[in-house]
Amino acid sequence: MPLRETCCSVCDFILEYDTPRIVLIKNKKVGLINRLVQLVILSYIIGWVLIWRKGYQDFDSIVSSVIIKVKGVAFVNSSGFGERLWDSADYIIPPEVNNIINNNPIAHSSVCVLTGKCVTFNEGVKTCEVLAWCPLESQTVFPNPALLGGAENFTVLIKNNIRFPQFNFSKRNILPNISASYLKTCVFNRTKEPYCPIFRLGDIVRETGDKFQELALQGGVIGILIKWNCNLDRSASECVPQYTFQRLDNRNVDETVSPGYNFRYAKYYENSAGKETRTLIKAYGIRFEVEVFGKAGKFNIIPTMISIGSGIALLGMGTVLCDMIILHLLKKRNYYKEKKYKYVEDYERVSP
Amino acid sequence: MPLRETCCSVCDFILEYDTPRIVLIKNKKVGLINRLVQLVILSYIIGWVLIWRKGYQDFDSIVSSVIIKVKGVAFVNSSGFGERLWDSADYIIPPEVNNIINNNPIAHSSVCVLTGKCVTFNEGVKTCEVLAWCPLESQTVFPNPALLGGAENFTVLIKNNIRFPQFNFSKRNILPNISASYLKTCVFNRTKEPYCPIFRLGDIVRETGDKFQELALQGGVIGILIKWNCNLDRSASECVPQYTFQRLDNRNVDETVSPGYNFRYAKYYENSAGKETRTLIKAYGIRFEVEVFGKAGKFNIIPTMISIGSGIALLGMGTVLCDMIILHLLKKRNYYKEKKYKYVEDYERVSP
Amino acid sequence: MPLRETCCSVCDFILEYDTPRIVLIKNKKVGLINRLVQLVILSYIIGWVLIWRKGYQDFDSIVSSVIIKVKGVAFVNSSGFGERLWDSADYIIPPEVNNIINNNPIAHSSVCVLTGKCVTFNEGVKTCEVLAWCPLESQTVFPNPALLGGAENFTVLIKNNIRFPQFNFSKRNILPNISASYLKTCVFNRTKEPYCPIFRLGDIVRETGDKFQELALQGGVIGILIKWNCNLDRSASECVPQYTFQRLDNRNVDETVSPGYNFRYAKYYENSAGKETRTLIKAYGIRFEVEVFGKAGKFNIIPTMISIGSGIALLGMGTVLCDMIILHLLKKRNYYKEKKYKYVEDYERVSP
Chain V
1 MPLRETCCSV
11 CDFILEYDTP
21 RIVLIKNKKV
31 GLINRLVQLV
41 ILSYIIGWVL
51 IWRKGYQDFD
61 SIVSSVIIKV
71 KGVAFVNSSG
81 FGERLWDSAD
91 YIIPPEVNNI
101 INNNPIAHSS
111 VCVLTGKCVT
121 FNEGVKTCEV
131 LAWCPLESQT
141 VFPNPALLGG
151 AENFTVLIKN
161 NIRFPQFNFS
171 KRNILPNISA
181 SYLKTCVFNR
191 TKEPYCPIFR
201 LGDIVRETGD
211 KFQELALQGG
221 VIGILIKWNC
231 NLDRSASECV
241 PQYTFQRLDN
251 RNVDETVSPG
261 YNFRYAKYYE
271 NSAGKETRTL
281 IKAYGIRFEV
291 EVFGKAGKFN
301 IIPTMISIGS
311 GIALLGMGTV
321 LCDMIILHLL
331 KKRNYYKEKK
341 YKYVEDYERV
351 SP
Chain B
1001 MPLRETCCSV
1011 CDFILEYDTP
1021 RIVLIKNKKV
1031 GLINRLVQLV
1041 ILSYIIGWVL
1051 IWRKGYQDFD
1061 SIVSSVIIKV
1071 KGVAFVNSSG
1081 FGERLWDSAD
1091 YIIPPEVNNI
1101 INNNPIAHSS
1111 VCVLTGKCVT
1121 FNEGVKTCEV
1131 LAWCPLESQT
1141 VFPNPALLGG
1151 AENFTVLIKN
1161 NIRFPQFNFS
1171 KRNILPNISA
1181 SYLKTCVFNR
1191 TKEPYCPIFR
1201 LGDIVRETGD
1211 KFQELALQGG
1221 VIGILIKWNC
1231 NLDRSASECV
1241 PQYTFQRLDN
1251 RNVDETVSPG
1261 YNFRYAKYYE
1271 NSAGKETRTL
1281 IKAYGIRFEV
1291 EVFGKAGKFN
1301 IIPTMISIGS
1311 GIALLGMGTV
1321 LCDMIILHLL
1331 KKRNYYKEKK
1341 YKYVEDYERV
1351 SP
Chain U
2001 MPLRETCCSV
2011 CDFILEYDTP
2021 RIVLIKNKKV
2031 GLINRLVQLV
2041 ILSYIIGWVL
2051 IWRKGYQDFD
2061 SIVSSVIIKV
2071 KGVAFVNSSG
2081 FGERLWDSAD
2091 YIIPPEVNNI
2101 INNNPIAHSS
2111 VCVLTGKCVT
2121 FNEGVKTCEV
2131 LAWCPLESQT
2141 VFPNPALLGG
2151 AENFTVLIKN
2161 NIRFPQFNFS
2171 KRNILPNISA
2181 SYLKTCVFNR
2191 TKEPYCPIFR
2201 LGDIVRETGD
2211 KFQELALQGG
2221 VIGILIKWNC
2231 NLDRSASECV
2241 PQYTFQRLDN
2251 RNVDETVSPG
2261 YNFRYAKYYE
2271 NSAGKETRTL
2281 IKAYGIRFEV
2291 EVFGKAGKFN
2301 IIPTMISIGS
2311 GIALLGMGTV
2321 LCDMIILHLL
2331 KKRNYYKEKK
2341 YKYVEDYERV
2351 SP
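Protein chains in written order, with the working numbering: chain V, 1 to 352; chain B, 1001 to 1352; chain U, 2001 to 2352.
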């Protein structure tokens, strides 16, 4: 026997099976507590971590691109511009940006001529010697009602293309089962048409809790939020966008500097006399921003094993708790201590 | 001895070493099964979690900025515009956006004069009483061949600057070993010049599986995807971009509403008679979108320890499995049960 | 007794408590080593993982929108344009983009007339037969000093709205305690006014280590980085933005192709003779890009339990280490081996 141990301790190590010696205590109370604790931990791991919070999944964040098309025509009769029909080429500024619509009910414009005889530096925006027919830019007056109040009925088509690069998954917000004929007539409605990618501007503003006609006066920024939370372990057809709308600027006009939303831009031309002329436009508008966010989950062995592994370790907590009860709280603690522990004295102390 | 235990049970607790008593069973089959299970779990933890999937790393997502420069001149002879040379200032709309090139072979333009006598509201885009020389916007006809078919040979220089803020790491896609002279001549080629940041538009479209001349007709959206997957535990010079190209809009023209890619914009001027005039342009174009994504990994003690910790817990699975075999499946199960378990009856039951 | 075991082994299993039998070794050295290892692991788990690195938190990444307003007027006397006042409508190109300011000290402009008699294809940008008064675009000369050197004193108001969708938390960089009157006068200062969202362009450039007047010559790209690292377990008022500024393009002019930052764009008009004319502008400018990044952490039971679970498993490492010492390194190793292990021979070998 000593020979075998010496010559082949490696074989021995491989072929031996070591398992902890267990003390089985027939005590109903403690047994019940132990099983209860184990049950709680097990249902936490299986029910909560693995099933409910999808602890078996790895997650990837979204990569997205957005294209926007606005449709709608409004008839405007203003003192500044006269009677005029405004179409999308007029009120979308700039004409083509990837995720922003500036639906601009242009409200205040002034025509200036650069005479070259500039007046002294002012803090304001009076940049040129003013000619008689050149109205100064007014700082406070904005037209009421808004010029493009009719924009309430404009519709916007949002084409959103998303990808989860880690899972090599891509999808469009125009779902595969949506036909071209459906797209030509549908309008988004939270309950009836939740997947129609065409939105009425008035509906968007109404869902944020604002009124279009009031918002159009001073302008504002509204977020069109598209959420893609996808469980890629299920069918790809269940990965659908969720649309919500949210006011992004501060609603409380009194509290903020430069309330609402407006910006200035200029159009330049030479007038018939050959002088460089510009039209300075201060546009009050509603800016619609499309924000795409979300994540996708898919089964992955690593988070699964980490969840299970740490769950197994937590199961040991039941034993720790019950050991404390048995060894310190019960009357029979000394009896149990004797059974659980095998005391080993130090060599020196034992032998003599 | 009882005195010492009483007066200094804390010292005792600190200076005692408690280790589980182990039952060593010399059974070749079970021993082998136990070692095999442990080997599988160990190689999973070390090989798969730690080495292959870099479970020892913490990850950060990318922050990126992109600048684009397009070069190329095309000679166009069209009935609408006459003979004309188009350069980047003509065909890039808008002139300067951070991550988008709208390479727009302008295809359909119509000149309208706002007479002020606007016709009644139509759903369409006929916005003004049409004069003889003002062609109505045609909804269906687009020029064939595309005006800017020559854009196939245009090149685009993409300057991409990325950062991983958590690791304080930043890099450019113009790699440090690329010289200015190389940049002046190189063109991206997947096999020969994979790190040249200058792309021929025709090459980009070809890699998506489309044909430039066909795509240019109705327009489309093409993604230039730049992937930065960096292992920051290695040399920074191994952190390089990977370029791929992908069609982002729906290729199938029949199935979609508003197929391809186009948008309208208007240029305004006063004509010589002083009337406000606009040129409405419906531009069919190829829109190139640059999407930068990726992540960086770097050694971090926390995920390392979590991986190792849950791995150790999983190692216990081997014992659980082999215990089940030994105590329930083997013929000698009662013999082993006796050895593994020490039965402790309740006080009351034992004493009488 | 055998009857009861047979008829109700499930009850038995539930009501029994099994706890490992422990060998208590009274050896000061090993006991101390064991406690030390446990102490190190415990303080790592509690101190480092849980408290310092917030291992009890789940993290969400940021969704953000940005609006920019620039204020400032500069008087310029150049040979190209004559005396002229430039305001934001002149120098911001394009007028409205969500997260970019192109503050463009326009530096080089040339007026061309498209004669229609286009010259043969050149690689360059000479796109039209040049008239006497049409200066050729010069490739190398840029004006010195920069036209809009006065832009140093321009200020930019950044309105940044962020959301952490997973935690349903949103905030603005105009903090709630900032009053409208304060906003009208404040200018960002790292030490004195770290939360004022109004920045002087000169200050921004100075913090990147560049000089505004030098940078304005050839142009450049500067990132305005807004970091939101929020601990949502604390008060929402402690979730504040941190501003930093960073040069994004390559500072070293010699090493790079197309150094600095510039772009071309054209303005089109008909001249009095009815010919289509364009002004081609090559703008050297400083491009300011706003990049928002960060993450929010909030208590979540799952990462907490995973941290604790794998920590408990790591605690077992102390026992493994000390077992190795006791069973292999100490002189008394055979004595301890005998105590720790209970050898169980195979049936066949034992019985005969």
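By construction, the Cβ of each residue, glycine as well, lies at the ideal position given by its N, Cα and C atoms.
Under 8 angstroms, do residue i and residue j count as touching if we go by C-beta distance?
i	j	result
Val344 of chain V	Leu2024 of chain U	yes
Gly294 of chain V	Asn229 of chain V	yes
Gln1057 of chain B	Pro1241 of chain B	no
Val1292 of chain B	Ile1226 of chain B	yes
Ile1045 of chain B	Ser1307 of chain B	yes
Val2030 of chain U	Ile2325 of chain U	yes
Lys2054 of chain U	Phe2154 of chain U	no
Leu2248 of chain U	Ile2224 of chain U	no
Could you check the C-alpha separation between residue i and residue j for me, to the nearest Å?
i	j	result
Lys2340 of chain U	His1328 of chain B	25 angstroms
Lys1332 of chain B	Glu1338 of chain B	10 angstroms
Asn1034 of chain B	Gly1311 of chain B	16 angstroms
Leu2169 of chain U	Tyr1336 of chain B	For the record, residue 2169 of chain U in the displayed sequence is Phe; it is not Leu. Each residue's alpha carbon lies about 59 angstroms from the other.
Tyr1017 of chain B	Val2320 of chain U	12 angstroms
Gly202 of chain V	Val2049 of chain U	50 angstroms
Phe1188 of chain B	Phe1288 of chain B	16 angstroms
Lys1184 of chain B	Val1290 of chain B	21 angstroms
Gly1219 of chain B	Gly285 of chain V	30 angstroms
Ala2151 of chain U	Glu214 of chain V	36 angstroms
Phe2013 of chain U	Pro1020 of chain B	22 angstroms
Ile198 of chain V	Thr208 of chain V	17 angstroms
Lys211 of chain V	Arg234 of chain V	40 angstroms
Lys1026 of chain B	Met2305 of chain U	37 angstroms
Would you identify the three-state DSSP class for residue i, choosing helix, strand or coil?
i	result
Lys2211 of chain U	coil
Ile1174 of chain B	coil
Val2240 of chain U	coil
Met186 of chain V	For the sequence presented, residue 186 of chain V should be read as Cys rather than Met. The answer is coil: DSSP assigns Cys186 of chain V none of H, G, I, E or B.
Phe2013 of chain U	helix
Asp2233 of chain U	coil
Asp245 of chain V	According to the sequence displayed, residue 245 of chain V carries Phe and not Asp. Looking at Phe245 of chain V - three-state DSSP - the assignment turns out to be strand.
Phe2164 of chain U	strand
Leu2327 of chain U	helix
Lys340 of chain V	helix
Ile1224 of chain B	strand
Pro2105 of chain U	Low confidence applies here, because Pro2105 of chain U scores a pLDDT of 32, under 50, leaving its location unreliable; read the following figure in that light. Three-state DSSP puts Pro2105 of chain U in coil, outside helix and strand.
Any beta carbon from chain U within less than 8 angstroms of residue i's own beta carbon?
i	result
Cys322 of chain V	yes
Ser179 of chain V	no
Ser61 of chain V	yes
Ser1310 of chain B	yes
Lys1339 of chain B	yes
Could you confirm whether any beta carbon from chain V is found closer than 8 angstroms to the beta carbon of residue i?
i	result
Asn2161 of chain U	yes
Thr1319 of chain B	yes
Leu1042 of chain B	no
Ile1301 of chain B	no
Check whether chain B comes within 8 angstroms of residue i, counting only Cβ atoms and requiring the distance to be less than that.
i	result
Ile25 of chain V	yes
Asn2173 of chain U	no
Asp18 of chain V	yes
Asn2334 of chain U	no
- Message: Can you confirm whether the region 162–172 of chain V touches the region 58–73 of chain V when touching is taken to mean that 3 or more C-beta pairs between the two stretches lie within less than 8 angstroms?
- Response: Flag = yes, the region 58–73 of chain V and the region 162–172 of chain V touch.
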